[in-house]
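Residue numbers (the numbering used here), protein chains in the order written: chain A, 112 to 711; chain B, -2 to 373.
Comments concern the structure below.
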């Protein structure tokens, strides 16, 4: 790039809304200055994603006074201090995401490795086919034909191993004659990342029928995964084949000054960066309209899952279907009849761009989001596992622990930070609402810090980091990451009002706050952003804060815009079964932390 | 002030609608450009490849996969009858002879010497693509389909279930507020598109099925009744293939909501005329809304093409529907469009608009919570 990069406009085309931000260099530093938002226009009458982009940018124009658009064109580079931008970049998940089907030989070995590769590349995995998945051959063929994936990733076998099962799967795919969702004349992109010895046969069987790409085996030996080459190929093919078929994407690609990244891939870049920079174990979540993406970095290992159909607009009804009405109702602090609630949820599904106008509507959406977050984390835990199928050396003590290979990597006690992003978390009217939604859904154990994406700009910064690391870092630190505070949650259960733990907090100014946390208590202690305090917790004898039952723990805790949350509600969190008692508890907790305006 | 785009549903007396009719796989187009077609006329035909039946020959013959070629009676591409011998071994003693017979009548799709598997395929199934609307072919896409154009009245619904069908429009109620009850359905409504008012109950849905109506167009329905009708809880709004006995189109949403008077008046004006309807809904990329198309006959050529409709944004005086509680379903017109953000009861600061109702009252509504009623 020859011209300086001082003014950047970035958009994220989500399934529901297109979000635009303006980043400007102020002195030596990049800052996010203005933002705009407009409904995503993949639907009629426009069926062109760029219209939503232009509408969102038009809002920035209006607010900033900067002329950015010349009709349907973005003015690049800057013509003068008030005209144009130096680059336009974008991420997107508007086309309904990248829907992939993956195949392996053994379902919870190569099948899962392929699934991890696809999920890591930002795809929605619509099915995993494997030789041992219990389906009959004709059922597999029918499944491929009816699911209409955007792309297929084939894996299976270690290099040098048997080829017959991999070839068998290639034969099934060939028989299904799969065609892509968009563009009847295009060949379906298919990546083969299995046993390299089977490449010639796979090429012979599928070379003519699909847009076949051969790459390195994702599991060349049993003990090692090699996901990067397949992930890179998925990104390449996504841009070449899939995005261009969705309404208006070709125009969007032409408008952008850098390759368009799938939104989950861009958010993944940011989450990995946070974990690396702070040397912490992180769980990140991006809860969107159609999907909820969960990211984790534990001991340096990155994992991502995309829970298709768990979201707050298009998929809101599916959260109800998967969680069940009682699970949603348990978070609602008032009485509402089932029929009204069901109708309201369905109306949001069919009119996904609406926003809650009344407090009770907001509380219902917050209740649903807790369930979407909870279900997506369960999904993530089941996939973020150590490699399966690998023999482990065990000592005699392991026999009693009954640990299996493939255990989840997500250890809530070792979790340092939870990062939330997405409309419902980023745009909650009060930050404490975001914090409690995540605490209730994830039930963090021990001491865990929480933060939120201020106005939902992590995808923008993810793609920006690929072209200008400094700009992305500046904006991330100054404008994006909002630290909410720290949650201290002892593990154990007891009768309401019984002693859970005693605590002593020593504040930076030397002030000391001593108190007792009872079961059923939720307490918010002011501790502002940038401040650190020391907390010593003496749990009751059956209660654990990470060091063992009844063992005291002293930790340094970080403040935030919400503060220090002392959660004595017990873990696992159990809400009263009786409706009136539950409403009373919710009302007490919500009021204790100032969750909603009085009367709400 | 910049225009903010607000999605809306089209309800219009005059539209020139084009519908792309595409085969799901290459085939033959049966009509030519300029030709007039009927809704129930086949415009293209394709052969859907038959089901595949894998057969592990190597296992059945007890030989290695790379040896199966030697035993084949039928080769890849050959036609085969049910119970016809596909392969056999040649033992020295005749009694030990093994014959593998075809489980179907079809063709031998492929033979694999790696897996020892033979794939057999059923004969193809003929797939006919209908015109869907009475109109004129304006484009032929070789081997794939056609574009049919029709001069029509058009009503877009918000949500529907069931596929394409057609029938004569019957108005079953006296006003858009009236609830459609079982008593409204008569045997004469068989094969017709029945238009109701604000709501249809579960027993009325059962009666509609019993009568055998082609479709029901209604303001609203309870979600629990939809669940009962489908037999499952609908998770995402991707519909069109349901088979509940008729096509159901909601014009407003879930719950009892009076049908927009404009919609009701338009449909009433066409009572007795044939309409093509589809319940297919897909509220994601490439959105599909349910629709009622009432063809007018020969195109007059002076109307906007509905599919190409371009709006710059919402304007004062536009008719809008409120699409979120607490005023869900109310219809009014835009009175003002303040550009400053305003705080609403949730404490969010959002862009709003002022809506004036028929009784003269006015209220502020978040812009995100209104929908344009498009079309003239």
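Each residue gets a CB set at the ideal place from its N, CA and C atoms; glycine is no exception.
Being a predicted model, the structure only gives us computed values, none of them experimental.
Practice task
Leaving aside the five residues before and after residue 17 of chain B along the sequence, list all residues of the same chain whose C-beta is less than 6 Å from its C-beta, in chain order.
Solution key: One-based indexing of the second chain puts residue 17 of chain B at position 20. Correct list, in chain order: 144.
Practice task
Name the two residues that bound the continuous alpha helix (DSSP H) containing residue 488 of chain A.
Solution key: Numbered from 1 along the first chain, position 377 holds the residue referred to as residue 488 of chain A. Its alpha helix (DSSP H) spans residues 470 to 494.
Practice task
Using a cut-off of 9 Å between C-beta atoms, extract the partners of residue 369 of chain B located in chain A.
Solution key: Reading the second chain from its first residue, position 372 is the one you call residue 369 of chain B. Those do not exist, as residue 369 of chain B stays about 11 Å from chain A at its closest Cβ, beyond 9 Å.
Practice task
Kindly list the residues whose CB is nearer than 7 Å to the CB of residue 27 of chain B, restricted to its own chain and excluding five residues on each side of it in sequence; keep chain order.
Solution key: Your numbering for residue 27 of chain B matches position 30 in the second chain. Cβ within range, chain order: 39, 40, 41 and 42.
Handout entry: With 16 other Cβ atoms within 10 Å as the buried cut-off, status of residue 403 of chain A
Key = Against the first chain, residue 403 of chain A aligns to sequence position 292. Result: buried.
Problem - Nonlocal neighbours in the same chain, by C-beta distance under 8 Å from residue 243 of chain A, ignoring five residues either side - result: Here residue 243 of chain A refers to the residue found at position 132 of the first chain. Here the set comprises 216, 217 and 218.
Handout entry: Span of the alpha helix (DSSP H), counted from its first residue to its last, around residue 429 of chain A
Key = As a working note, residue 429 of chain A is residue 318 in the first chain. Counting along the chain, the alpha helix (DSSP H) containing residue 429 of chain A begins and ends at 427 to 434.
Problem - Min CB distance residue 490 of chain A to chain B below 8 Å - result: Reading the first chain from its first residue, position 379 is the one you call residue 490 of chain A. Chain B contact via Cβ: absent.
Problem - Counted within 10 angstroms of its Cβ, other Cβ atoms place residue 627 of chain A as buried (16 or more) or exposed - result: The sequence position of residue 627 of chain A within the first chain is 516, counting from 1. The residue is exposed, with fewer than 16 neighbouring Cβ atoms inside 10 Å.
Exercise for the section: State whether the region 420 to 431 of chain A contacts the region 394 to 411 of chain A, with contact taken as three or more CB pairs (one from each stretch) at a distance under 8 Å. Expected result: yes
Practice task
Report the residue ranges of all beta strand (DSSP E) runs contained in full by the region 24 to 55 of chain B; include only those spanning at least 3 residues, in chain order.
Solution key: 39 to 45 and 49 to 53
Problem - Neighbour list for residue 473 of chain A in chain B, Cβ cutoff strictly below 9 Å - result: Sequence index remark: in the first chain, residue 473 of chain A carries index 362 (1-based). Those within 9 Å of residue 473 of chain A in chain B are 342, 343, 344 and 345.
Handout entry: Three-state class that DSSP yields for residue 241 of chain A in the structure shown
Key = Looking up residue 241 of chain A in the first chain gives position 130. The answer is strand: DSSP assigns residue 241 of chain A an E or B state.
Exercise for the section: State the start and end residues of the unbroken beta strand (DSSP E) segment that holds residue 718 of chain A. Expected result: This structure gives no information on residue 718 of chain A, because the portion of chain A shown stretches from 112 to 711.
Practice task
For residue 250 of chain B, write down the residues that DSSP places opposite it in a beta bridge.
Solution key: Position 253 of the second chain holds residue 250 of chain B. Answer by DSSP bridge pairing, in chain order: B/217.
Handout entry: Near-chain A residues of the region 49 to 67 of chain B (beta-carbon distance less than 8 Å), N- to C-terminal order
Key = 49, 50, 51 and 62
Handout entry: Contact set between residue 94 of chain B and chain A, taken where Cβ atoms lie within less than 8 Å
Key = Translated into positions along the second chain, residue 94 of chain B becomes position 97. The premise fails here: residue 94 of chain B is roughly 27 Å from chain A at the closest Cβ pair, so nothing lies under 8 Å.
Practice task
Check the Cβ-Cβ distances between residue 221 of chain B and every residue of chain A, and say whether any is below 8 Å.
Solution key: Looking up residue 221 of chain B in the second chain gives position 224. Chain A, which has a Cβ nearer than 8 Å to the Cβ of residue 221 of chain B, makes this yes.
Exercise for the section: With 7 Å as the limit, tell me which residues of the region 106 to 119 of chain B have their beta carbon closer than that to any beta carbon of chain A; keep them in chain order. Expected result: 106, 107, 109, 111, 112, 114 and 116
Problem - Short Cβ contact (8 Å threshold) for residue 302 of chain A with residue 324 of chain A - result: Taking the first residue of the first chain as position 1, residue 302 of chain A is located at position 191. Taking the first residue of the first chain as position 1, residue 324 of chain A is located at position 213. Yes, these two residues count as a Cβ contact at 8 Å.
Exercise for the section: Please look up how many angstroms separate the CB atoms of residue 104 of chain B and residue 75 of chain B, rounded, as I've assumed it's under 8 Å. Expected result: Counting from one through the second chain, the residue named residue 104 of chain B turns up at place 107. Counting from one through the second chain, the residue named residue 75 of chain B turns up at place 78. Indeed, because the Cβ distance is near 7 Å, the residues count as touching under 8 Å.
Practice task
Spatial neighbours of residue 201 of chain A within its chain, please: CB distance less than 6 Å, with the 5 preceding and 5 following residues excluded, ordered by chain position.
Solution key: Start at 1 with the first residue of the first chain, and residue 201 of chain A comes out as number 90. Here the set comprises 122, 367 and 371.
Practice task
Give the residues from the region 449 to 469 of chain A that approach chain B closer than 7 Å (Cβ to any Cβ), ordered along the chain.
Solution key: 450, 453, 454, 455, 457, 458, 460, 461, 462, 463, 464, 465, 466, 467, 468 and 469
Exercise for the section: Compute the distance between the beta-carbons of residue 13 of chain B and residue 157 of chain B, then report whether it is under 8 Å. Expected result: The residue you call residue 13 of chain B lines up with position 16 of the second chain. The residue you call residue 157 of chain B lines up with position 160 of the second chain. No, the pair does not count as a contact, with Cβ atoms beyond the cut-off.
Problem - Cross-chain neighbours of residue 246 of chain B in chain A, by beta carbon under 9 Å - result: Taking the first residue of the second chain as position 1, residue 246 of chain B is located at position 249. In chain order: nothing, as chain A lies at least about 12 Å away.
Problem - is_contact[residue 210 of chain B, chain A] using C-beta, thresh 8 Å - result: Translated into positions along the second chain, residue 210 of chain B becomes position 213. Chain A contact via Cβ: absent.
Exercise for the section: Report the residue ranges of all beta strand (DSSP E) runs contained in full by the region 161 to 239 of chain A; include only those spanning at least 3 residues, in chain order. Expected result: 198 to 203 and 209 to 215
Exercise for the section: Report, in whole angstroms, the separation of the C-beta atoms of residue 306 of chain A and residue 328 of chain A, which I expect to be a contact under 8 Å. Expected result: If you number the first chain from 1, residue 306 of chain A lands on position 195. If you number the first chain from 1, residue 328 of chain A lands on position 217. About 6 Å; that satisfies the 8 Å criterion.
Exercise for the section: Could you list which residues in chain B have their beta carbon closer than 9 Å to that of residue 425 of chain A, in chain order? Expected result: Within the first chain, numbered from 1, the residue matching residue 425 of chain A stands at position 314. Within chain B, the residues near residue 425 of chain A are 233, 234, 280 and 281.
Practice task
Report yes or no: do three or more beta-carbon pairs, one from the region 110 to 126 of chain B and one from the region 244 to 259 of chain B, lie closer than 8 Å?
Solution key: no
Handout entry: Against chain B: residues of the region 306 to 335 of chain A by CB proximity under 9 Å
Key = 309, 312 and 316
Exercise for the section: Examine chain A for any beta-carbon lying closer than 8 Å to the beta-carbon of residue 70 of chain B, and answer yes or no. Expected result: Looking up residue 70 of chain B in the second chain gives position 73. No, residue 70 of chain B does not count as interfacial toward chain A.
Exercise for the section: Could you name the residues of the same chain whose beta carbon sits closer than 8 Å to that of residue 510 of chain A, not counting the 5 residues immediately before and after it, in chain order? Expected result: The residue given as residue 510 of chain A occupies position 399 in the first chain. The predicted model places residue 510 of chain A with a pLDDT of 44, which falls under 50 and marks its position as unreliable, so this point remains unresolved.
Exercise for the section: Please confirm whether residue 317 of chain B and residue 368 of chain B have their CB atoms less than 8 Å apart. Expected result: Within the second chain, residue 317 of chain B is the residue found at index 320, counting from 1. Within the second chain, residue 368 of chain B is the residue found at index 371, counting from 1. For residue 317 of chain B and residue 368 of chain B, yes; Cβs fall inside 8 Å.
Practice task
Please list, in chain order, all residues of the same chain as residue 617 of chain A whose beta carbon is under 7 Å from its beta carbon, the five residues on each side excluded.
Solution key: Here residue 617 of chain A corresponds to residue number 506 of the first chain, with the count starting at 1. Counting only Cβ-Cβ distances below 7 Å, and skipping sequence neighbours, we find 623, 644 and 645.
Handout entry: residue 366 of chain A beta carbon near the ligand HEM (any heavy atom closer than 7 Å)
Key = Here there are no bound small molecules, and the ligand HEM is not part of this structure.
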